[in-house]
Every structure is written in C-alpha cells, then in structure tokens.
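Single-structure report; data block below.
Protein chains: 2
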Amino acid sequence: MVEHKNRTEKKYYNIASLEKGIRMLELLAAHGELSVSEAARLMDTNRAGSHRFISTLKDLGYVEKNSSNKYQPTLKIMALSQKVADRFEIRRMAKPHMHRLSMMYKETINLGLFKNQEIIHIDKIDSLEVLRMDSALGDKAPAYCTGLGKSILAFLPDHELDHYVNTVDRRPLAPNTITDKDEFLQELSRIRRNGYAIDDEEMTIGLRCIAAPIFDHNHYPAYAISISGPAMRLTHRALEDIKSHILKVSEDLSHKMGS
Amino acid sequence: MVEHKNRTEKKYYNIASLEKGIRMLELLAAHGELSVSEAARLMDTNRAGSHRFISTLKDLGYVEKNSSNKYQPTLKIMALSQKVADRFEIRRMAKPHMHRLSMMYKETINLGLFKNQEIIHIDKIDSLEVLRMDSALGDKAPAYCTGLGKSILAFLPDHELDHYVNTVDRRPLAPNTITDKDEFLQELSRIRRNGYAIDDEEMTIGLRCIAAPIFDHNHYPAYAISISGPAMRLTHRALEDIKSHILKVSEDLSHKMGS
DNA sequence: ATAATACGTATCATATATTGAAACGTTCGT
DNA sequence: ACGAACGTTTCAATATATGATACGTATTAT
Chain A
2 MVEHKNRTEK
12 KYYNIASLEK
22 GIRMLELLAA
32 HGELSVSEAA
42 RLMDTNRAGS
52 HRFISTLKDL
62 GYVEKNSSNK
72 YQPTLKIMAL
82 SQKVADRFEI
92 RRMAKPHMHR
102 LSMMYKETIN
112 LGLFKNQEII
122 HIDKIDSLEV
132 LRMDSALGDK
142 APAYCTGLGK
152 SILAFLPDHE
162 LDHYVNTVDR
172 RPLAPNTITD
182 KDEFLQELSR
192 IRRNGYAIDD
202 EEMTIGLRCI
212 AAPIFDHNHY
222 PAYAISISGP
232 AMRLTHRALE
242 DIKSHILKVS
252 EDLSHKMGS
Chain B
2 MVEHKNRTEK
12 KYYNIASLEK
22 GIRMLELLAA
32 HGELSVSEAA
42 RLMDTNRAGS
52 HRFISTLKDL
62 GYVEKNSSNK
72 YQPTLKIMAL
82 SQKVADRFEI
92 RRMAKPHMHR
102 LSMMYKETIN
112 LGLFKNQEII
122 HIDKIDSLEV
132 LRMDSALGDK
142 APAYCTGLGK
152 SILAFLPDHE
162 LDHYVNTVDR
172 RPLAPNTITD
182 KDEFLQELSR
192 IRRNGYAIDD
202 EEMTIGLRCI
212 AAPIFDHNHY
222 PAYAISISGP
232 AMRLTHRALE
242 DIKSHILKVS
252 EDLSHKMGS
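These protein sequence lines are chains A and B, in that order.
Heads up: the first sequence runs through residues 2 to 260, numbered per our numbering.
Heads up: the second sequence runs through residues 2 to 260, numbered per our numbering.
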C-alpha cells in the first residue's frame, strides 16, 4: 500500500493526466497494438480508465482501432516528429563543418533558420577571441540586415520575397543598414549572382559577416551558415579567403539535405 | 460566456488535460519554440496554466528549455515515431507487390510481422474466390506451423531460434503440423537453403501457403510475405511457379528496407 | 449447443486533480 | 535606474478524472 501512493513526491504542479496519456501512447507504440484491457493491466488501472485515455488519443487522431479490436498508433505522430527532426537534422549535419570553419578562421560560426520573416540562431560555435559577437541560441535577428538573412532572402521564391520587401520595416540599426528598397533589391540580386552574402556593419557597428544559404529537400533556402567577427579582423581581404570555403560548405550541406 | 462553455458537447469521458497537453506539444512543434507566455496566449489560458503543461512535457523529456528561455520539442518524439513508422513503412512498400501477386495468382496475399514469438498479420489482400482463408488484420498466429512464421524462424539469430524451439509448445493444429523437434529443425534448415517456406496444411486443414522472409536494416527477418489458398487450387505444381516470384518480391522488399 | 467468462463501452456520484488568482524574484526594454 | 513582462511557486475553489456499476457483445469452455 506504500509503493502505491508514493507519487506524492512529484512536483504537484505537473499534470498527472497528461503524463498518463503520454505513457499510454508510449505503451501502444512499444507494443504495436494493445486492447483496452491489456492497456489497463499495463497502466495499473481498470478498463474504464484505460478506455478513457485510449478514446481521447483516438479522437485526437493518434490512435486507431484495428479489425481485431486492438488499438494501435497512427502515422500522425510522424507529422509531429518530422517538424522536430528537421530542426535537429541540419544541426547534426552542420556541426563538423562548423567546427572545421571555427578552427580555420578563429571566428564565430552561426547556423540560422528562417522563420516568420526572421532569422533564428539554431546553433553556433563561439570564437575563442576576447572580442566576439555574443549571441545566444534561439536569439532572433532581422533578416534584411544580417548575412544569414540576406543570403536566404536572395533565394526566396518571388512571391515570398515580394511580400517580405513590401511588409518588413527596414529600420537602420547600424551605419550601413540598407534601407532603400531599390538598393536592397540590387543587393539581393548581387547575392544571387555570388551565392553568398556579406553583412558589412549593417546590423551592428564594428561587426562584419559572410553567409551562404542552405537549401532543404524542397530547394527552399531554409537555413544559412555564417562566419562573423569584428571588422578589424574580418577585413575584406580576409573575407575573400573565406568565401570559397563557406560556399563549399553550404553546397555540401544543401546536398546532404536532399537539395 | 456561451462560447466559453460549449465544450459540454464533448464526449464527457475524454480526458481534457490530455487533449490540452497534446495540443501544447503540437503547438511547440509547429512553432519550433515558444515561451511560456506565448504558449499561454495560443492556448487561451494564463501563464501558470501554460507553465504546468510545458513543465510536465519537460519532465517527460519531450520538451527542453533553450538558452533564450523558450521551450522546444526534443528528439524524444522521434523514438515514438520510429516505432510506429516501421510498422507502416513495410506496409506502404509492400502494397504494390502484394497487388501484383494478387492479380497474378488470385489467392490471398499476407504480410506478417514477427513479435513475441508470434506472427501478427499487418496487411493482406483477400482472394476474390469464394473459397478463401478469412483472416483479419491484427490477428495472431503461431510461427511454428505457418509459412510466414517458419520463413522467419529459419533466419533468426541462433540464440533467438534456440530459445524459440525450446520454449514454444508445438501443439498439432492440423494433420501435418511438425511437432518433433529434430524434424522441425531439419525443416528450418531446408527453408534456409531454399529461401522460402511452405506450409502444407500444418495449421489449417486444406490450407497451403508459400512464404518468404523480409529483412530489415539490421538484417533481421522482421517480416514475411505469403500467398495462401486452398490445397486443391494451390497445388505443389502451382507453388513451383509462384516460388521465384515471391522470392523476388521478398528480396526486393528487404533491399528497400535497407538490408 | 449452451453456459460462463472476458471484453468494450457508457453512466454516475464522489474524491481528486486542475484551475486562476496572487505573489515573488528575475529578466528585458527603455 | 526604473517599470513592465516574464517564469515560477503556492493555495483555495471547483471543474475534472476516477472507480464502481451496468449492459450488450464477443470469445472461450463445457
């Protein structure tokens, strides 16, 4: 009777029913299929209780009844999983490239994701130098004035780019921010020709950066990779050296993503 | 006040907290990452409520906090998803082959999964003939006296096969059921040489069947495919014709599964 | 064939888990 | 340096999950 009630040690602000429901889904996935009463035994409850959870999961579409009166998980979990996996897959594949670039150039390497017209930093390797850009994972940045952003924008489908240029406010954040629409479109066309983008103190004064887009299996520029550092170290001369390397990396990653 | 309470139309034996929790997970997956208060707004609740669900998902390992105080789904969903997907993947890939075999031979085609020393029927195409085997999806059958089962057993790793032969009761279910251990091991060795198994009225009187194993990416004979029908139609002569086709199909599917 | 058992599903009163408000310390934006 | 927004924790009120009960059907044993 003691081990039956020792769940009091749990944080009392957790949702017990959610834990049980997820556990039910895990059991169904592990066993492939379960009847209401089999599940009841595994969950240490009665048939009525078991049925309630399974029925809820069924209504949510994560579980279905097969012809032998057993319940089995559906492929709906795949939809969830896919969304999550995509985000992690690029990180896993980019990591070795990022390390190599980091060792070669001793500057900060960033991996960005384009979402809701913004750049989200999904991975990075910090420069070991004292003077360095200090961004946190998950931070957001505008696309129009960053290397990551511009390299992606340049390869967006026409209608999406149109929408971007016409709706996003290009407020000046640093001396060189490109605010004029025509000038901005020219810049994107230049990037499209080169394959890479340079952010020359357009978001942060003193910060320079070179970036290239990474295309996913839909040939969509979902991600970008960049090297950024203080303008005094990352001279235009230095960028010239880095250029071909980062292009090579972005092409390789695009290929790995199925593009 | 009315639209706020019209959830009374729901089946009252569903678990509301589970629905909300899953919805929270879906939102996190769709948005990539969300803060407690962003989620609160999307879920139409307050920060405390939102936090409770996220915290629960975090403790379950499905969600983690990133460095910008947002919560994002982890790869744990993949583990769930993978288990489910495996079951469906073989079905999806086997379907066209099964249809082709069905049209060629006009008999019942079965796809089986080996689990807990039993065969589970995970897909089938019924023969259009009046006289036919009537099995339901999800039905279980013993492995030792079915084509599907024997074709898999024959290619099991040694220690697993040992365990099977020594623990499973080979009770006679039909005239030709192989009950003797040595005779059974000889049969498996014959199947290993041929690559396919024949069930000659070993489980059901009057029913004959030919089956071949399908290997997964671990080179494990996780599945098998079979053609079964009445012994009077599925003569040994007929089986001779079918043999090479079913072998070809099973090899192709093994290859597609990464074996 | 028939009885007995196991099972899936539905309903209800009651016990309990969830809820929203309130509060505290921290972070963020200005 | 200030105020607002946020994440987290606590607690009492109450909306919700629970277990018992019941019923019709499938499965198994006799």
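All C-beta atoms in this analysis are idealised placements derived from N, C-alpha and C, irrespective of residue type, glycine included.
**OP:** Give me whichever residues DSSP pairs with A:E65 in a beta bridge.
**Re:** Here residue 65 of chain A corresponds to residue number 64 of the first sequence, with the count starting at 1. In DSSP, A:E65 forms a bridge with A:Q73.
Original post:
If we ignore side chains and look at the alpha-carbon of each, how far apart do B:S245 and A:H220 end up?
Top reply: The residue you call residue 245 of chain B lines up with position 244 of the second sequence. The residue you call residue 220 of chain A lines up with position 219 of the first sequence. Taking the straight line from one Cα to the other gives about 42 Å.
Original post:
Excluding sequence positions up to five away, which residues of its chain have a Cβ less than 7 Å from the Cβ of B:H218?
Top reply: Here residue 218 of chain B refers to the residue found at position 217 when the second sequence is read from its first residue. Same-chain partners within the cutoff: M258, G259 and S260.
**OP:** Kindly list, in the order they appear in chain A, the residues whose Cβ is closer than 8 Å to that of B:E31.
**Re:** Taking the first residue of the second sequence as position 1, residue 31 of chain B is located at position 30. The residue asked about is misnamed: residue 31 of chain B is Ala in this sequence, not Glu. Within 8 Å Cβ-Cβ: K84.
Original post:
Which ranges would you report for the alpha helix (DSSP H) in the segment 126-214 of chain A if only whole runs of at least 4 residues count?
Top reply: 148-154, 159-168 and 182-195
Original post:
Are at least three pairs of beta-carbons, each pair with one atom in the segment 233-245 of chain B and one in the segment 80-91 of chain B, less than 8 Å apart?
Top reply: no
Original post:
Residue range of the beta strand (DSSP E) that A:T109 falls in?
Top reply: If you number the first sequence from 1, residue 109 of chain A lands on position 108. Per DSSP, A:T109 belongs to the beta strand (DSSP E) from T109 to K116.
Original post:
What does B:K116 touch in chain A if you count any residue whose Cβ is under 9 Å from its own?
Top reply: In the second sequence, counting from the first residue as 1, residue 116 of chain B sits at position 115. Per Cβ cutoff of 9 Å: H32 and G33.
Subject >> Length of the line joining the Cα atoms of B:M104 and B:H98 >> reply: Stepping through the second sequence from its first residue, residue 104 of chain B is reached at position 103. Stepping through the second sequence from its first residue, residue 98 of chain B is reached at position 97. Distance between the alpha carbons of B:M104 and B:H98: 10 Å.
Subject >> DSSP bridge partner residues for A:P97 (one or two, in chain order) >> reply: Within the first sequence, numbered from 1, the residue matching residue 97 of chain A stands at position 96. Partner(s): none; A:P97 has no beta bridge.
**OP:** Leaving aside the five residues before and after B:I192 along the sequence, list all residues of the same chain whose C-beta is less than 7 Å from its C-beta, in chain order.
**Re:** The count along the second sequence starts at 1 and reaches residue 192 of chain B at position 191. Cβ within range, chain order: K151, S152, A155 and A198.
**OP:** Report yes if the CB atom of B:Y165 is closer than 8 Å to the CB atom of B:L174, and no otherwise.
**Re:** Start at 1 with the first residue of the second sequence, and residue 165 of chain B comes out as number 164. Start at 1 with the first residue of the second sequence, and residue 174 of chain B comes out as number 173. Their beta carbons are not under 8 Å apart, which means B:Y165 does not touch B:L174 by this criterion.
Original post:
Secondary structure at B:E119, three-state DSSP: helix, strand or coil?
Top reply: The residue labelled residue 119 of chain B in the question sits at position 118 within the second sequence. If DSSP states are grouped into helix, strand and coil, B:E119 belongs with the strands.
**OP:** Below 8 Å CB to CB, which residues in the same chain sit around B:E202 once its five sequence neighbours on both sides are set aside?
**Re:** Here residue 202 of chain B corresponds to residue number 201 of the second sequence, with the count starting at 1. Closer than 8 Å at the Cβ level, and outside the excluded window around B:E202, lie A175, P176, N177, L208, R209 and A232.
Original post:
What is the residue span of the alpha helix (DSSP H) that A:G50 lies within?
Top reply: Residue mapping note: residue 50 of chain A aligns to position 49 of the first sequence, counting from 1. R48 to D60 is the span of the alpha helix (DSSP H), which, as asked, contains A:G50.
Original post:
Of the choices A:A40, A:A95 and A:H122, whose alpha-carbon is the least far from that of A:D253?
Top reply: In the first sequence, counting from the first residue as 1, residue 253 of chain A sits at position 252. Here the closest residue by C-alpha is A:A95.
Original post:
Using a beta-carbon distance below 8 Å, is B:I110 in contact with chain A?
Top reply: For the purposes of this step, residue 110 of chain B is taken as the residue at position 109 of the second sequence. Taking Cβ atoms only, chain A never reaches closer than 8 Å to B:I110, which makes this a no.
Original post:
B:M94 touches chain A at which residues, Cβ-Cβ below 7 Å?
Top reply: Looking up residue 94 of chain B in the second sequence gives position 93. In chain order: nothing, as chain A lies at least about 14 Å away.
Original post:
Do B:I179 and B:R171 have their CB atoms nearer than 8 Å?
Top reply: Translated into positions along the second sequence, residue 179 of chain B becomes position 178. Translated into positions along the second sequence, residue 171 of chain B becomes position 170. Contact flag set, yes.
Original post:
B:A225 lies in the beta strand (DSSP E); which residues open and close that run?
Top reply: Residue mapping note: residue 225 of chain B aligns to position 224 of the second sequence, counting from 1. Run containing B:A225: Y224 to P231, per the beta strand (DSSP E) assignment.
Original post:
The alpha helix (DSSP H) with B:Y22 in it runs from where to where?
Top reply: Numbered from its first residue, the second sequence carries residue 22 of chain B at position 21. For the sequence presented, residue 22 of chain B should be read as Gly rather than Tyr. Per DSSP, B:G22 belongs to the alpha helix (DSSP H) from A17 to H32.
Original post:
Quick one: Cα of B:D242 to Cα of A:A30, how far?
Top reply: Stepping through the second sequence from its first residue, residue 242 of chain B is reached at position 241. Stepping through the first sequence from its first residue, residue 30 of chain A is reached at position 29. In a straight line, the C-alpha of B:D242 is about 39 Å away from that of A:A30.
**OP:** Kindly list, in the order they appear in chain A, the residues whose Cβ is closer than 7 Å to that of B:S18.
**Re:** Stepping through the second sequence from its first residue, residue 18 of chain B is reached at position 17. Here the neighbours are I16, S18 and L19.
Original post:
B:D242 by DSSP, collapsed to three states: which one?
Top reply: As a working mapping, residue 242 of chain B is identified with position 241 in the second sequence. Looking at B:D242 - three-state DSSP - the assignment turns out to be helix.
Subject >> Test item: CB-CB of B:H52 and B:V37 under 8 Å >> reply: Taking the first residue of the second sequence as position 1, residue 52 of chain B is located at position 51. Taking the first residue of the second sequence as position 1, residue 37 of chain B is located at position 36. Their beta carbons are under 8 Å apart, which means B:H52 touches B:V37 by this criterion.
**OP:** Check whether the Cβ of B:K257 lies closer than 8 Å to any Cβ atom in chain A.
**Re:** Taking the first residue of the second sequence as position 1, residue 257 of chain B is located at position 256. Chain A contact via Cβ: absent.
Original post:
For a contact meaning CB atoms closer than 9 Å, what does B:G22 contact in chain A?
Top reply: On the second sequence, residue 22 of chain B is found 21 positions in, with the first residue counted as 1. Near B:G22 (Cβ distances below 9 Å), the residues of chain A are I16, S18, L19, E20, G22 and I23.
**OP:** In the DSSP assignment, find the alpha helix (DSSP H) that holds B:S38 and state where it starts and stops.
**Re:** Numbered from 1 along the second sequence, position 37 holds the residue referred to as residue 38 of chain B. Per DSSP, B:S38 belongs to the alpha helix (DSSP H) from V37 to M44.
Subject >> Cross-chain neighbours of B:P176 in chain A, by beta carbon under 9 Å >> reply: Reading the second sequence from its first residue, position 175 is the one you call residue 176 of chain B. What B:P176 touches in chain A: nothing, since even the nearest Cβ is about 27 Å away.
Subject >> DSSP state of A:K6 mapped onto helix, strand, coil >> reply: For the purposes of this step, residue 6 of chain A is taken as residue 5 along the first sequence, with counting starting at 1. Since pLDDT at A:K6 reaches only 31, below the 50 mark, its modelled position is unreliable, and no value is offered.
**OP:** For B:D124, write down the residues that DSSP places opposite it in a beta bridge.
**Re:** Residue mapping note: residue 124 of chain B aligns to position 123 of the second sequence, counting from 1. Per DSSP, B:L112.
Original post:
Cβ of B:G196 within 8 Å of Cβ of B:L248?
Top reply: Taking the second sequence and counting its residues from 1, one reaches residue 196 of chain B at position 195. Taking the second sequence and counting its residues from 1, one reaches residue 248 of chain B at position 247. Yes.
Original post:
By Cβ distance below 6 Å, which residues in the same chain neighbour B:K77 in space, the five residues on each side in sequence not counted?
Top reply: Start at 1 with the first residue of the second sequence, and residue 77 of chain B comes out as number 76. Closer than 6 Å at Cβ, skipping near neighbours: G62 and Y63.
Subject >> Proximity to B:E161 [Cα-Cα], best of B:D200, B:N117 and B:I226 >> reply: Your numbering for residue 161 of chain B matches position 160 in the second sequence. Ranking the options by Cα distance to B:E161, first place goes to B:N117.
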